[in-house]
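The opening residue of the sequence shown carries number -5 in my numbering; numbering runs sequentially from there.
Positions of the beta carbon are idealized from the N, C-alpha and C atoms, including for glycine.
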Amino acid sequence: MGFIPYNSRDLFFKDKFGSVSAGENIHFRLCMPRSFCCNKAILVIRRDDGAYEEREMQWAGMCGDDAEIWDIHTSIENEGLYWYHFDYCSSYGRSSVLQCDNGIGGFAGSQFARKDWQLTVTEKDFTTPDWLKGGIIYQIFPDRFYNSGEKKKNVPADRVMRDDWGNEPEWRPTPDGKVLNNDFFGGDLKGIQEKLPYLKSLGVNCIYLNPIFESHSNHRYDTADYGKIDPVLGTEKDFKNLCKEAKKQGVHIILDGVFSHTGDDSVYFNRKGRYDTLGAYNSPESPYYKWYKFTDYPDKYQSWWGFQTLPEVIEEGEEYRNFINGKGGIVEKWLKAGADGFRLDVADELPDIFIDELRERLKITKPDALLMGEVWEDATTKHSYGSRRRYLLGSQFDSVMNYPFANAILDFCRNGKAENFMKTVMQIVENYPKQCLDVMMNHIGTHDTERAITKITGESCEYRDRYWQSCHFLDDEKYAKGVKLLKCAVALQYTLPGVPSVYYGDEAGMQGYKDPFNRGCYPWGKENQELITFYRTLGEIRTENKVFSKGYFSPVSSMLGCVAFRRHDENGDIMVIVNRNEHSIKYGLPEFYHNAKTLYGDSVQNGEVFIDGCSFVILSL
């Protein structure tokens, strides 16, 4: 590309990689060709609201015979999202240095130099929970993980209780076109407690539970009562016992907070008259009437994505905010019962005031509790509610669901485009505050997406209906390939910055397209033992090497279907090399890695390491 005047990912040019905290000193350097006869250089900073500030740089000497350095020591005093570039003046006038790609700068007018650099500035002293760093999350869809066999009490008569564990969840609509989601396989909290030793064998130190509060669908995203455990799952006592036993084994429990809407069949709305309470649907005199936005009372009201079974709440409303976030409210109740945090469903639909107050209550109640948001895009640049969101600046989330990483990993394993993978990873590593990056939920599949192995090697389900999804599975050849590529995906998931999150059953080789086929019953007794052994091995590597807790990320190479990177700090130096190609390769290592120890894969010979097709190695100094 020629002369490089600036590179945001090179500590020579910017001595703090990625985000900074408010008031933290930053040293910027700009390298200008001597032939440009530069007589002035300026750091131009743009606030996210569009306001500009210019800060003059100083001449700082020569860089070789043909270039000169301009620099500035500066800071940004307030948290927020900022953008910057450099201007320079000469006898020819004023021009700019702009970002081309991958952090590298170029001179305005070139076909590549088109945009400013992003600078994320967090609040001073912003920290995230240390207990999750270096850990492993396990996500459980409670109805489908394990049925303890305990008799279910107080279960409403309109629920269909299945006795055929492992068979297909019901997906067919009723004659009037409704999908009821009212069949239950009976997974419960006591079942999760029974399986804690299994989860510990995988290295798990955090369980993320999909909704557990009383609801009348098997997914439980239509909350009926925030204050009660769903009777199919057990009781509040069962939940407390689960948290107590989990804590003994070093495992934390986080809950799904579904606070943008309730169910219409709930204590609060009571459209079906199931409850003795006076619901908002029953009377404007209801204590819950102000929670909802009616357009033509009582049958027309604002609902989540138009589903009338999910009436939206007014999250800005004082009554609702106090109910969830106030002293003695729902957040405090379940934290005191043993939960160690919340994942907030559809976080982009929750206004700032609601998230701010929830975080405040959470941290007052349990200072090391985790607050995680469901965000599908780059969480630092997300727009919703007509404004830029400030999710990761310090006063809201500790973590988000890392969909950019998930997409990068899965795309690489499907297509082998190494450059695209590294580009996405580096963008997130540069944009996200490191304290957040260390606790990112690095999933490759959730209750909202296809199973990982299906996503990697199965046919696309785009524009396919549920009938097609219900009867398509990987054949033996594709499944075998899927296992190999899933191992590559998991290797990336377990070694990139953040915390790997295993969606229950992925480690057992479960297949499935979208809801409800990605929510099958865990195949106890029919697991893919090869994969389970593999997950345990990766879990041991991650647990035994503390560099995965807070270690820095450095790219090594990304080309020709192969990616390599390092994780390094005072705790160690580890290199991961993933070969997506169908053929084996010999990878030539940097000289300082010629005596590396092998943690997974073949050993180093003569400065090279052999890597089978669709496989990987993990090396350690």
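Any C-beta of chain D under 7 Å from that of Gly545: The chain inventory of the structure shown lacks chain D, comprising one protein chain alone.
Pick from Ala16, Asp43, His441, Ile63 that is closest to Phe30, judged by C-alpha positions: When Ala16, Asp43, His441, Ile63 are compared, the shortest CA-CA separation from Phe30 is found for Ile63.
Contact check, Asp606 vs Ser578, beta carbons under 7 Å: Contact: yes.
First and last residue of the uninterrupted beta strand (DSSP E) at Asn573: From DSSP, the beta strand (DSSP E) with Asn573 extends over 566 to 573.
Helix, strand or coil at Tyr215 [DSSP, three-state]: The three-state reading of DSSP puts Tyr215 in coil, since its state is none of H, G, I, E or B.
CB of Phe263 within 7 Å of CB of Gly251, strictly: The Cβ-Cβ distance between Phe263 and Gly251 does not fall below 7 Å.
N- and C-terminal bounds of the alpha helix (DSSP H) containing Gln487: Its alpha helix (DSSP H) spans residues 470 to 489.
Residue from His255, Tyr488, Val38 whose Cα sits closest to the Cα of Glu306: With distances taken between CA atoms, Glu306 lies nearest to His255 out of His255, Tyr488, Val38.
Limits of the alpha helix (DSSP H) - the one that Val603 falls within: It is not in any alpha helix (DSSP H) - Val603 instead sits in the beta strand (DSSP E) that spans 602 to 605.
Buried versus exposed call for Ile301 [16 or more other C-beta atoms within 10 Å across all chains shown]: The question names Ile, but residue 301 in the sequence shown is Phe. Taking all protein chains shown into account, Phe301 has fewer than 16 neighbouring C-beta atoms within 10 Å of its C-beta and is therefore exposed.
Contact set for Leu431: own chain, Cβ-Cβ below 7 Å, skip 5 residues either direction: Excluding residues within five positions, the ones whose Cβ falls inside 7 Å are Val423, Pro491, Gly492.
Extent of the continuous alpha helix (DSSP H) run through Phe528: Run containing Phe528: 523 to 538, per the alpha helix (DSSP H) assignment.
Check whether Gly641 and Cys237 have beta carbons under 7 Å apart: Past the edges of the chain, shown from -5 to 615, lies residue 641, and the structure says nothing about it.
Identity of the residues DSSP links to Arg560 by a beta bridge: For Arg560, which the question treats as bridged, DSSP gives the partners Ser548, Met569.
Option nearest Met504 by Cα separation, candidates Tyr488, Tyr587, Glu521: Relative to the Cα of Met504, the nearest Cα in the group Tyr488, Tyr587, Glu521 belongs to Glu521.
Beta strand (DSSP E) segment containing Tyr192, residue limits: For Tyr192, no beta strand (DSSP E) encloses it; the enclosing alpha helix (DSSP H) starts and ends at 190 to 195.
Stretch pair the stretch 67 to 76 + the stretch 33 to 51: three plus CB contacts closer than 8 Å: Pairwise C-beta distances place the stretch 67 to 76 in contact with the stretch 33 to 51, as three or more of them are shorter than 8 Å.
Buried/exposed call for Asp259, threshold 16 Cβ in 10 Å: Asp259 is buried by the Cβ-count criterion.
Exposure label - Thr121; buried when at least 16 CB within 10 Å: With fewer than 16 other Cβ atoms within 10 Å, it is exposed.
Simplified DSSP assignment, three categories, for Gly322: Gly322 sits in coil when the DSSP states are folded into three classes, being neither helix nor strand.
Residues near Gly228 in its chain [Cβ-Cβ closer than 8 Å; skip 5 each side]: Within the same chain, Gly228 has close Cβ partners Glu144, Asp182, Leu183, Lys184.
Proximity below 7 Å, CB of Thr374 to CB of Thr537: Against a cut-off of 7 Å, the Cβ pair of Thr537 and Thr374 comes out as no contact.
Cα-Cα separation, Leu532 to Asp270: Approximately 51 Å between the Cα atoms of the pair.
Residue(s) in a DSSP beta bridge with Gly74: Bridge partners of Gly74: Val115.
Identity of the residue in Gly55, His21, Asp339 nearest Asn33 by Cα: Answer by Cα proximity: Gly55.
Where the alpha helix (DSSP H) through Lys8 begins and ends: Element bounds for Lys8: n/a, residue is neither H nor E.
Run of the alpha helix (DSSP H) containing Val91, from where it starts to where it stops: From DSSP, Val91 is part of no alpha helix (DSSP H) but of the beta strand (DSSP E) over 87 to 95.
Unbroken beta strand (DSSP E) run spanning Trp462, endpoints: In the DSSP assignment, Trp462 falls outside any beta strand (DSSP E) and within the unbroken alpha helix (DSSP H) covering 460 to 464.
Minimum C-alpha distance to Asn176 - residue among Tyr82, Asn141, Pro150, Ile201: Checking every option, the nearest Cα to that of Asn176 belongs to Pro150.
Beta-carbon proximity list for Arg28, same chain, < 7 Å, skipping 5 on both sides: Closer than 7 Å at the Cβ level, and outside the excluded window around Arg28, lie Asp60, Ala61, Glu62.
8 Å contact criterion, which Tyr587 and Ile571 should meet: CB distance rounded: No, Tyr587 and Ile571 are not in contact; Cβ-Cβ is about 10 Å, not under 8 Å.
Cα-Cα separation between Ile216 and Met569, rounded to whole angstroms: Position check: residue 216 holds Asp in this sequence, whereas Ile was assumed. Cα to Cα, the separation comes out at about 45 Å.
Member of Pro163, Trp370, Asn414 whose CA lies at the smallest distance from the CA of His437: Of Pro163, Trp370, Asn414, the residue nearest in Cα terms is Trp370.
Rounded Cβ spacing between Ile20 and Lys8 (contact assumed at less than 8 Å): Yes, they are in contact, since the Cβ atoms of Ile20 and Lys8 sit about 7 Å apart, within 8 Å.
Any 3 or more C-beta pairs closer than 8 Å across the stretch 2 to 18 and the stretch 408 to 424: A contact is defined here as three or more CB-CB pairs under 8 Å, and the stretch 2 to 18 meets this definition with respect to the stretch 408 to 424.
Same chain, Cβ closer than 7 Å to Lys118, five either side skipped, listed in chain order: For Lys118, same chain residues with a beta-carbon under 7 Å away, outside a window of 5 residues either side, are Ser15, Ala16, Gly17 in chain order.
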